[in-house]
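Colleague:
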Amino acid sequence: MHRLLAVRMAPATLLVIRNLSDETVATLRERAHARGQSLPAYVRDLLEREATLPPR
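Residue 0 is where the sequence shown starts when you use numbering that gives the first Met the number 0, and the numbers rise one by one after that.
(1) Do you know offhand how far Leu27's Cα is from Arg43's?
(2) Measure the Cβ-Cβ separation of Tyr41 and Ala31 and say whether it is below 8 Å.
(3) Of all the options Ala33, Arg34, Ser20 and Pro39, which has the alpha carbon lying nearest to the alpha carbon of Thr12?
(4) Need the endpoints of the alpha helix (DSSP H) that Met48 sits in, please.
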């Protein structure tokens with residue numbers, strides 16, 4: 000089964016990611032929990048870190 004992940008990025012921004020596998024969502028939830036974060040906070044941090052990297 001595939002899931003939908005919605006992450007609020009800023010007060011007026013909502014990012015929707017469709018078709019994530021249950022396994023992917025479970026892994027992201029586990030990693031977020033291990034860091035003491037909510038899933039949206041963890042994904043937001045991942046995306047913000049990615050955005051600081053130079054283009055490939």
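A virtual CB, placed ideally from N, CA and C, is assigned to each residue, including glycine.
Every value quoted in this text rests on a predicted model; they were computed, and no experiment measured them.
Modeller: Reading from the atomic positions:
(1) Within the sequence shown, residue 27 is the residue found at index 28, counting from 1. Within the sequence shown, residue 43 is the residue found at index 44, counting from 1. If you take the alpha carbons of Leu27 and Arg43, they lie about 12 Å apart.
(2) By one-based count along the sequence shown, residue 41 stands at place 42. By one-based count along the sequence shown, residue 31 stands at place 32. Note that the C-beta distance between Tyr41 and Ala31 is below 8 Å.
(3) For the purposes of this step, residue 12 is taken as the residue at position 13 of the sequence shown. The shortest Cα separation from Thr12 among Ala33, Arg34, Ser20 and Pro39 belongs to Pro39.
(4) Within the sequence shown, numbered from 1, the residue matching residue 48 stands at position 49. Reading off the sequence, residue 48 comes out as Arg, not Met. Run containing Arg48: Leu38 to Thr51, per the alpha helix (DSSP H) assignment.
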